[in-house]
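Trainee: Handing you this structure, nothing more for now.
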């Protein structure tokens, strides 16, 4: 019996032991248990919230992105432009792709939005709107790598102008609220637009059941 | 003490399988036999398709551990390991028994009709648990289920009556005796002899997660209570409480046969259910559309610019390395590029190809429109995928981008890269090494409930050029009880496999493998392998293999010939006197619905002639669950217990367990016994398993990962 106990103890210990070496198949297969634990205790190893003006020194546009459910924030920089679509990335490689301020894809999250089919005017999403109904189709990757589709119906309504502070600078922005329902789910998106340029300066947008919403602020150069 | 043993089995198995999944709906409960049912009796319900259940139960003298797989929505199969204490040698020795079940759901439950299933219990074992049944189950309201059935064999030893099937002939009246070495299907017994009725109810109590069961059992436990006195059976009625710890995990307490208390634990996994999302992988590089590339970044005639190719290859290597990829060779023209790719990370080939394409789109000059990506495995060019850069730009953020890029891609057989002075290979020679703990755990052993060991493995691989490599590994035990097994093989055949005890006792440290291998492309869709060295613990020698497998074909054909010598028990460099020429012709097939089959015909290690049949269910995420058997010209009586070689295997990809890409998998085998008939030399780099994950039948189902 003691042999069996020692064996089981050994099995448990071996589970958390890392391999060493340069063989990618062997070296990285054991969980970095302690790092994970530390990340859990400290709330994740991500970057601190980018509130200071120090971030706004680059000539490239910088976004602040927060995963609301776990309250972790990161700075994002433009990593690629493909037509209308702009992809921003954090330094620990989480990316968010926008179409005129609307999130159409994420990568590097535990449950990524693989794609979003937006019915409607796209770039002119918010132009001249008082209230508008649209269909959206969210795409995910299933456990067997198949496409999972989540269809929702959204109602976008123009709100009032609100005073919003972004990187310590107060501004007046036009608020839009979007309420979506479908497949037993209900969620809200909020967009704050610059009334002059009609660009989305700040938003809270739903991504997936596991991730919940992301909050984005555009910290302009 | 014995009780603790049993608990450890349960814990050990649970750790092996990982935690239950929280997203699943509750599944029908498993009974003490580890199949869907009441307490000791089966029901007509099925588990969800592809559910892989594990159950362990204990009562009186008996412990049972069972694995049940829902092979298709209607068909399930089970493998069971039972220990009955004091069963043998005048009540002094336990009996270790292995049994297989099959069950088919004939009818689905509707509003007016119950579900009906037909089952064979212990149909190729030594027959202790042999019985057949037809059973019906109906829900009466959401919280109440009633089950009734008719049983034969063991399930007709209480309240038996004349077999109603005897209207088809008097031969149904008597059940011929079973027994012997077991292992062969006992067709002659099925549905014969007296029959009996059984039944029971299951009620979901108002207490959350607690259900109550009661049944009338048609099993009188004759071998345990009449032939032997292992416990006193006073009643045919059993009662149980099940408490759900999670949607697929429960513990149970039972009161059985008027005298016994029992406990049970069951849990299950399902390849088609996602693990709770908890980890992530780094995002890929976005596609940078060419019109967005900085103007003037490349000179017009960049292709002739001195040093340009080297610079591009250098940048590409940097980006690929971030994603666990590497360029072996890059051939460039002003309009096209061919990348021979080493994939160290992604089990889904489409993801490796997608990430490589993104890196090429980021680095290569705008005039390069056609990308051809050729992943290489063990030096073999396994597939060629040609993509148009404008399609990558167009479909990157398309909601149906995966299907669109798949139909635009040209997927073909690949050619080997050609090295030249101006285009040296990016990564040869290359040395890999690792020092890592290893674990071996065996739960269904004939001699002890848990055997295993933990030790260190030092492995190394020296890749000289594409396809040519030296590979070795050495192990050293740290703790374990595998080697303490002093049971000596009683096999009357040449001990080609059954001296495992001697190898385990004497081989520490051991040279697990030391081989020189050359894998190469012979021609269109044809591949070859030559190996020499110590292939595995017990055999070394020379081996040659050839495989024909077109990228778009669901069929493959292969042949292998080996001359091997049996290695010395200490597993160092020496050999024993036994040498044999073995070889097989193999046919491989993978169907559209996720089933695959393999047939190997040839000569086995003991010189026996025969064939191995393997059938697997294959999932697009890399899971495989399957069974195999080997029949050779060795008579069942010469083979010994079990009659012939057979078993189950489960492959769980690490990427599924951990939620991010790994190429490694966890292989779990359940082999009732390893004896000397039907043994094959274990060659680690056979060609078909290397190629198949890149070929269309597996590449396309996982293509959703292209943009991941």
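Protein chains in written order, with my numbering: chain A, -15 to 205; chain B, 50 to 757. Beta carbons: idealized from backbone N, C-alpha and C, even for Gly. Note that this is a predicted model, so its numbers are computed, not measured.
Taking all protein chains shown into account, do 16 or more other C-beta atoms lie within 10 angstroms of the C-beta of residue 598 of chain B, making it buried, or fewer, making it exposed?
Mentor: buried
Trainee: Give the residues of chain B in contact with residue 134 of chain A, contact being defined as C-beta atoms less than 8 Å apart.
Mentor: Correct list: empty, because the minimum Cβ distance to chain B is about 11 Å.
Trainee: For residue 243 of chain B, count neighbouring C-beta atoms within 10 Å of its own C-beta (all shown protein chains included) and say buried if the count is 16 or more, exposed if not.
Mentor: buried
Trainee: Mind checking residue 138 of chain A: buried by the 16 CB within 10 Å criterion, or exposed?
Mentor: buried
Trainee: Who are the neighbours of residue 77 of chain B on chain A, taking C-beta pairs under 7 Å?
Mentor: The premise fails here: residue 77 of chain B is roughly 21 Å from chain A at the closest Cβ pair, so nothing lies under 7 Å.
Trainee: With distances taken between CB atoms, is the gap from residue 166 of chain A to residue 202 of chain A smaller than 8 Å?
Mentor: no
Trainee: Mark residue 189 of chain B as exposed unless 16 or more other C-beta atoms lie within 10 angstroms of its C-beta, in which case mark it buried.
Mentor: exposed
Trainee: What would DSSP say about residue 633 of chain B, mapped onto helix, strand or coil?
Mentor: strand
Trainee: On the DSSP bridge list, what partners appear for residue 131 of chain B?
Mentor: B:113 and B:146
Trainee: Buried or exposed for residue 658 of chain B, going by 16 or more other Cβ atoms inside 10 Å?
Mentor: exposed
Trainee: Under a CB-based cut-off of 8 Å, is residue 374 of chain B close to chain A?
Mentor: no
Trainee: As a quick exercise: from A:-10, A:189 and A:50, pick the residue whose alpha carbon is nearest that of residue 176 of chain A.
Mentor: Cα-wise, what sits closest to residue 176 of chain A is A:189.
Trainee: Tell me, please, whether the segment 442 to 456 of chain B touches the segment 416 to 433 of chain B by the rule of three or more beta-carbon pairs shorter than 8 Å.
Mentor: no
Trainee: Which residue or residues does DSSP assign as beta-bridge partners of residue 647 of chain B?
Mentor: B:637 and B:663
Trainee: Closer than 8 Å, Cβ to any Cβ of chain B: which residues of the segment 125 to 152 of chain A, in chain order?
Mentor: 125, 126, 127, 128, 129, 130 and 131
Trainee: At least one CB of chain B closer than 8 Å to the CB of residue 52 of chain A: is that the case?
Mentor: Residue-level contact by beta carbon fails for residue 52 of chain A and chain B, as no gap is shorter than 8 Å.
Trainee: Under 8 Å, Cβ to Cβ, is there at least one residue of chain A near residue 445 of chain B?
Mentor: yes
Trainee: So, with DSSP's three-state summary, where would you put residue 545 of chain B?
Mentor: Judged by DSSP in its simplified three-state form, residue 545 of chain B adopts coil rather than helix or strand.
Trainee: Answer with buried or exposed for residue 271 of chain B, where buried requires no fewer than 16 other C-beta atoms within 10 angstroms of its C-beta.
Mentor: exposed
Trainee: Measure the alpha-carbon distance for residue 260 of chain B versus residue 299 of chain B and round it to whole angstroms.
Mentor: 10 Å
Trainee: Spell out the partners DSSP gives residue 57 of chain A in its beta bridges.
Mentor: In the DSSP assignment, residue 57 of chain A forms a beta bridge with A:50.
Trainee: Taking only three categories from DSSP, how would you classify residue 129 of chain A?
Mentor: coil
Trainee: Under a CB-based cut-off of 8 Å, is residue 359 of chain B close to chain A?
Mentor: False, the Cβ-Cβ gap to chain A never drops below 8 Å.
Trainee: With a Cβ-Cβ cutoff of 8 Å, do residue 198 of chain B and residue 248 of chain B count as a contact?
Mentor: yes
Trainee: So, using beta-carbon positions, are residue 743 of chain B and residue 432 of chain B closer together than 8 Å?
Mentor: yes
Trainee: Does any residue of chain A have a CB that is nearer than 8 Å to the CB of residue 351 of chain B?
Mentor: no
Trainee: Compare the beta carbon distance of residue 64 of chain A and residue 74 of chain A with 8 Å and say whether it is the shorter of the two.
Mentor: Going by C-beta atoms, residue 64 of chain A is not nearer than 8 Å to residue 74 of chain A.
Trainee: Do residue 101 of chain B and residue 319 of chain B have their C-beta atoms within less than 8 Å of each other?
Mentor: Taking a C-beta distance under 8 Å as the contact criterion, residue 101 of chain B and residue 319 of chain B qualify as a contact pair.
Trainee: With a CB to CB cut of under 8 Å and the five nearest residues on each side skipped, what residues in its chain are close to residue 478 of chain B?
Mentor: 511, 512, 513 and 514
Trainee: Beta-carbon within less than 6 Å of residue 133 of chain B's beta-carbon, same chain only, minus the 5 sequence neighbours each way: which residues are those?
Mentor: 110, 111 and 144
Trainee: So if I threshold CB-CB distances at 8 Å, which residues from the segment 522 to 537 of chain B count as touching chain C?
Mentor: In summary, chain C is missing from the structure at hand, where the protein chains are A and B.
Trainee: DSSP state of residue 158 of chain A, grouped into three classes?
Mentor: If DSSP states are grouped into helix, strand and coil, residue 158 of chain A belongs with the strands.
Trainee: Hey, is residue 239 of chain B's beta-carbon within less than 8 Å of any beta-carbon in chain A?
Mentor: no
Trainee: Report yes or no: do three or more beta-carbon pairs, one from the segment 719 to 728 of chain B and one from the segment 741 to 755 of chain B, lie closer than 8 Å?
Mentor: no
Trainee: Just by C-beta distance, which residues in the segment 89 to 104 of chain A are closer than 9 Å to chain B?
Mentor: So the list reads 89, 90, 91, 92, 93, 94, 95, 96, 98, 99, 100, 101 and 102, given in the order they occur along the chain.
Trainee: Which residues, taken in chain order from the segment 164 to 181 of chain A, show a beta carbon closer than 7 Å to some beta carbon of chain B?
Mentor: none
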